[in-house]
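Working notes, beginning with the structure itself.
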Amino acid sequence: MALSLFTRRPAVQDPTTWTPPGTIVVQRYRNIVGPAEGAIVLVYTADSDRRSGYFATACLGCTYRAASSDRLSRLTEKAAAHLANAHAASCRAMNCGVPAAPDDTEAAQMVRSRLWGLRPDCTTSLHYVHLTDFRADRVDLQRDDDFIKHAMVQLTQSEPHFLTSQPNSSGTGIRFLVQPHPPRN
Ligand SMILES: [Zn+2]
1 MALSLFTRRP AVQDPTTWTP PGTIVVQRYR NIVGPAEGAI VLVYTADSDR RSGYFATACL
61 GCTYRAASSD RLSRLTEKAA AHLANAHAAS CRAMNCGVPA APDDTEAAQM VRSRLWGLRP
121 DCTTSLHYVH LTDFRADRVD LQRDDDFIKH AMVQLTQSEP HFLTSQPNSS GTGIRFLVQP
181 HPPRN
């Protein structure tokens, strides 16, 4: 029976060095519980966002995720670090390793949920999707940009009233557009 303790989590990843796929971790904090047992709080940005300056923070011990604040819709590294530090000073979660990764179906559903939340309401305008839009999801999603793009391509085929794509204005690649809700009569 003892063996099951080891087989439950076959590839143990160290949260003190773990980088969620598709991200760059720029700072790590250990929470108030202490240097050995406390949970890690990450400050990170998506690979593709480094220059755009969108940062987020997430606690690996609890459900705390932040990609914006009361005052800011976009976090700089400094603002994200401030939130991470404040969370680390109050969080009492134990270090429980790296959060479990969803399977591909669950991950695609997370992409869809995020897009759904971006869907403009009470307006006829579109939302142009940026990979930055997924910054708060990275720790739970654990997928790179290619997975997110692939999931979006599939949505343009399965739900064309919801998500469409068009060629990028630069001529390379495509961009995705979340369609507004249809007008209510
Ligand atoms: Zn926490």
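Numbering-wise (UniProt numbering), the sequence shown opens with residue 1 and increments by one. Built from N, CA and C at the ideal position, the CB exists for glycine as well.
Open item on the list: Does the beta-carbon of C91, which I'm using as the reference point, lie nearer than 7 Å to any heavy atom of ligand 1?
Closed with: The sequence position of residue 91 within the sequence shown is 91, counting from 1. Yes - ligand 1 has a heavy atom lying nearer than 7 Å to the Cβ of C91.
Task: Three-state secondary structure (DSSP) of I148 - done: To locate residue 148, count along the sequence shown from 1; it is residue 148. The answer is helix: DSSP assigns I148 an H, G or I state.
Task: DSSP-derived helix/strand/coil call for P182 - done: In the sequence shown, residue 182 corresponds to position 182, counting from 1. Correct three-state label for P182: coil.
Open item on the list: Quick check: is any heavy atom of ligand 1 less than 7 Å from the C-beta of G97?
Closed with: One-based indexing of the sequence shown puts residue 97 at position 97. Every heavy atom of ligand 1 is 7 Å or more from the Cβ of G97, so no.
Task: Counterpart residues of A46 in DSSP-defined beta bridges - done: What you label residue 46 is simply residue 46 of the sequence shown in a count that begins at 1. Looking at the DSSP output, A46 bridges to T23.
Open item on the list: I need the DSSP call for Q13, collapsed to helix, strand or coil.
Closed with: Your numbering for residue 13 matches position 13 in the sequence shown. In this structure, Q13 counts as coil in the three-state DSSP scheme.
- [ ] Return the CA-CA distance between A58 and V178, expressed in angstroms with no decimal places.
- [x] For the purposes of this step, residue 58 is taken as the residue at position 58 of the sequence shown. For the purposes of this step, residue 178 is taken as the residue at position 178 of the sequence shown. Whole-angstrom Cα-Cα distance: 26 Å.
Open item on the list: Using only the alpha-carbon positions, how far apart do A136 and S158 sit?
Closed with: What you label residue 136 is simply residue 136 of the sequence shown in a count that begins at 1. What you label residue 158 is simply residue 158 of the sequence shown in a count that begins at 1. The alpha-carbon atoms of A136 and S158 are separated by roughly 25 Å.
- [ ] Just tell me which of T105, E77, I40 has its CA closest to the CA of I148.
- [x] By one-based count along the sequence shown, residue 148 stands at place 148. T105 is the residue among T105, E77, I40 whose C-alpha sits nearest the C-alpha of I148.
Open item on the list: Under DSSP, the beta strand (DSSP E) around residue 187 begins and ends at which residues?
Closed with: Because the chain in this structure spans residues 1 to 185, residue 187 falls outside the shown range and cannot be described.
TODO: Could you please give the first and the last residue of the uninterrupted beta strand (DSSP E) stretch that includes T76?
DONE: Here residue 76 corresponds to residue number 76 of the sequence shown, with the count starting at 1. Counted as a single uninterrupted DSSP element, the stretch harbouring T76 is not any beta strand (DSSP E), since DSSP gives it neither H nor E.
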